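Here the protein sequences come in this chain order: A and B. Adding 103 to a residue's 1-based position in the first sequence gives its number in our numbering. Adding 103 to a residue's 1-based position in the second sequence gives its number in our numbering. To start, the structure under review is shown below, and the notes come after it.
There are 2 protein chains.
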Amino acid sequence: MTREIPDIVIGRLPIYLRELTRLAEDEGKLNTSSHELGKRLGISSAQIRKDLSHFGEFGKQGTGYHINYLTDQLRDILKLTQEWDVAVVGAGFLGHALANYHGFLHRGFRISWIFDSDTTKIGEQMGELVVQSVDELETVITQNNVKVAVIAVPASYAQEITDRLVTVGVRAILSYAPIHLNVPDGVEISYSDPVIQLQRMTYYL
Amino acid sequence: MTREIPDIVIGRLPIYLRELTRLAEDEGKLNTSSHELGKRLGISSAQIRKDLSHFGEFGKQGTGYHINYLTDQLRDILKLTQEWDVAVVGAGFLGHALANYHGFLHRGFRISWIFDSDTTKIGEQMGELVVQSVDELETVITQNNVKVAVIAVPASYAQEITDRLVTVGVRAILSYAPIHLNVPDGVEISYSDPVIQLQRMTYYL
Chain A
104 MTREIPDIVI GRLPIYLREL TRLAEDEGKL NTSSHELGKR LGISSAQIRK
154 DLSHFGEFGK QGTGYHINYL TDQLRDILKL TQEWDVAVVG AGFLGHALAN
204 YHGFLHRGFR ISWIFDSDTT KIGEQMGELV VQSVDELETV ITQNNVKVAV
254 IAVPASYAQE ITDRLVTVGV RAILSYAPIH LNVPDGVEIS YSDPVIQLQR
304 MTYYL
Chain B
104 MTREIPDIVI GRLPIYLREL TRLAEDEGKL NTSSHELGKR LGISSAQIRK
154 DLSHFGEFGK QGTGYHINYL TDQLRDILKL TQEWDVAVVG AGFLGHALAN
204 YHGFLHRGFR ISWIFDSDTT KIGEQMGELV VQSVDELETV ITQNNVKVAV
254 IAVPASYAQE ITDRLVTVGV RAILSYAPIH LNVPDGVEIS YSDPVIQLQR
304 MTYYL
């Protein structure tokens, strides 16, 4: 995979996309500028223009960006013109929260399955989903060609689940388990650990 | 505030700390090396040595790091020798998950209060906590000199809650609301939005 565009640039595109959506849907705006976007996001307008310039010309000097057009372009770049089915592994409190979170809607993802190994949880309704046995993980992922998964299991199970997901073709994993996970080249992994985020901030206190 | 050491370096220290704890507590190890740490974390050993060198000499050529000593030093650098009381605002599914999460224990934080504006939730038991009215937010934070908070409210309320927290002295905020928040200088803010993380990965699929 060529990574000509820095990861950090790619990482800002979803932030731009989210703010553009907010401008359009919540505030009914049609146009914006790198200046306005930057001010709202605490990012310099020059940075925004430079980030976007990696992908083409999206605005005009003086008139700025047409929000719908730029939104479409960003969704295209980030491969969000389709909706990705997401498998969640782990139906504890966090899995429960994910199954009930409406923030995925219209942003390119749909939580389509939730798995657990706990027989007392299998069959339980969570949001619009029913918890399935983790024994069915491979079958469901293979049959539905699932590429995206979220791990919400304890740290001690996270690597095993990761390996199983990768074996059957998952290529993007968001893990809430507080542990570093090994994945082969070609598999993207991202972590969310509130303690790591808090510890980073207390340094500055 | 001087920021002589790059943020990205500070951001890796909690990762090192977490892995050191794992080595000591789960595997009973007493010593490690930048090579072993790096291999387990997918970070080069040179990077680890360079990061740590900002703060002093923690290891010896050939013998590596004494895990307990390095752990103590990192906890000291990150101001984790005390336990920070954390206020969670928002007692929805996510707040519920946070109140029941044991991952904060022994890592420098204790979720001590959870607030909501929904009268049907106030008084409800969540983990070891009882949901309190958000009307009590300022009093509790002031009386207990709380510096750290987690926001788990809808995007539309997040800025208002942020402003209220900052006004009464909160200096580090982890927000799960999918919106950029404005905070004054001297206040640290960190975001967790699963969709942003997933969108960043689908670019590479």
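Backbone N, C-alpha and C define an ideal beta-carbon position, used for all residues, glycine too. Since this is a predicted model, take the numbers as computed values, not measurements.
Item: Should B/Thr323 and B/Leu140 be called a contact, given that it needs their Cβ atoms to be closer than 8 Å?; Value: Residue 323 of chain B cannot be examined here, being either before or after the span of chain B that is shown, 104 to 308.
Item: Cα separation between A/Ile225 and A/Ile244?; Value: 17 Å
Item: With a threshold of 8 Å between beta-carbons, can B/Thr166 be considered close to chain A, or not?; Value: no
Item: If you scan the stretch 160-194 of chain A from start to end, which runs of the beta strand (DSSP E) of 3 or more residues do you find wholly inside it?; Value: 167-169, 187-192
Item: Just by C-beta distance, which residues in the stretch 179-194 of chain A are closer than 8 Å to chain B?; Value: Ile180, Leu181, Lys182, Leu183, Trp187, Val189
Item: Just the C-alpha distance for B/His205 and A/Leu208, rounded to the nearest angstrom, thanks.; Value: 29 Å
Item: Just the Cα atoms here: how many angstroms apart are B/Asp296 and A/Ile151?; Value: 20 Å
Item: Rounded to whole angstroms, what's the CA-CA distance from A/Val298 to A/Gly162? Just pull it up for me.; Value: 40 Å
Item: Can you give me, in chain order, the residues of the stretch 265-277 of chain A that have a beta carbon less than 9 Å from any beta carbon in chain B?; Value: Arg274, Ala275, Ile276, Leu277
Item: Along the stretch 194-209 of chain A, what residues have a CB closer than 9 Å to any CB found in chain E?; Value: Any reference to chain E falls outside this structure, whose protein chains are A and B.
Item: If you draw a straight line from the alpha carbon of A/Val233 to that of B/Tyr172, how long is it in whole angstroms?; Value: 47 Å
Item: Please report the distance separating the alpha-carbon of B/Tyr260 from that of B/Val191.; Value: 14 Å
Item: Among B/Leu284, B/Glu130, B/Tyr168, whose alpha-carbon lies nearest the alpha-carbon of B/Ser148?; Value: B/Tyr168
Item: For B/Asp154, which residues from the same chain have a beta carbon less than 6 Å from its beta carbon, with the 5 sequence-adjacent residues on both sides left out?; Value: Val112, Arg115
Item: Let me check one thing: in DSSP terms, what residues is A/Arg213 bridge-paired to?; Value: A/Asp188
Item: Determine the DSSP secondary structure at B/Ala261, reduced to helix, strand or coil.; Value: helix
Item: So that I know if they touch, is there some Cβ in chain A lying closer than 8 Å to that of B/Gly114?; Value: yes
Item: Could you give the distance in angstroms between the alpha-carbon of B/Gly272 and the alpha-carbon of B/Lys250?; Value: 6 Å
Item: Along the alpha helix (DSSP H) that carries B/Ile276, what are the first and last residues, could you check?; Value: It is not in any alpha helix (DSSP H) - B/Ile276 instead sits in the beta strand (DSSP E) that spans 275-278.
Item: At the level of alpha carbons, what is the spacing between B/Arg143 and B/Trp187?; Value: 29 Å
Item: When the cut-off is 8 Å and only beta carbons count, does B/Ile118 lie next to chain A?; Value: yes
Item: Determine the burial state of A/Asp179: buried for a count of at least 16 other Cβ atoms within 10 Å of its Cβ, exposed for fewer.; Value: exposed
Item: For B/Glu130, count neighbouring Cβ atoms within 10 angstroms of its own Cβ and tell me buried if that reaches 16, exposed if not.; Value: exposed
Item: Mind checking who B/Gln235 pairs with in its DSSP beta bridge?; Value: B/Phe218
Item: Could you check the C-alpha separation between A/Gln302 and A/Thr166 for me, to the nearest Å?; Value: 43 Å
Item: Helix, strand or coil: how does DSSP classify A/Asn309 here?; Value: Limits of chain A in this structure are 104 at one end and 308 at the other, which puts residue 309 of chain A out of reach.
Item: Nearest to B/Gly159 by alpha carbon, out of B/Gln300, B/Phe218, B/Ile108?; Value: B/Ile108
Item: Residues in its own chain within less than 6 Å of B/Phe212 by CB, not counting five upstream and five downstream?; Value: Trp187, Val189
Item: So, at 7 Å on beta carbons, what are the nonlocal neighbours of B/Gly193 in its own chain, with the 5 sequence-adjacent residues on each side left out?; Value: Asp219, Ile254, Ala255, Val256
Item: Exposed or buried, B/Leu201, counting other C-beta atoms within 10 Å across all chains shown (16 or more means buried)?; Value: buried
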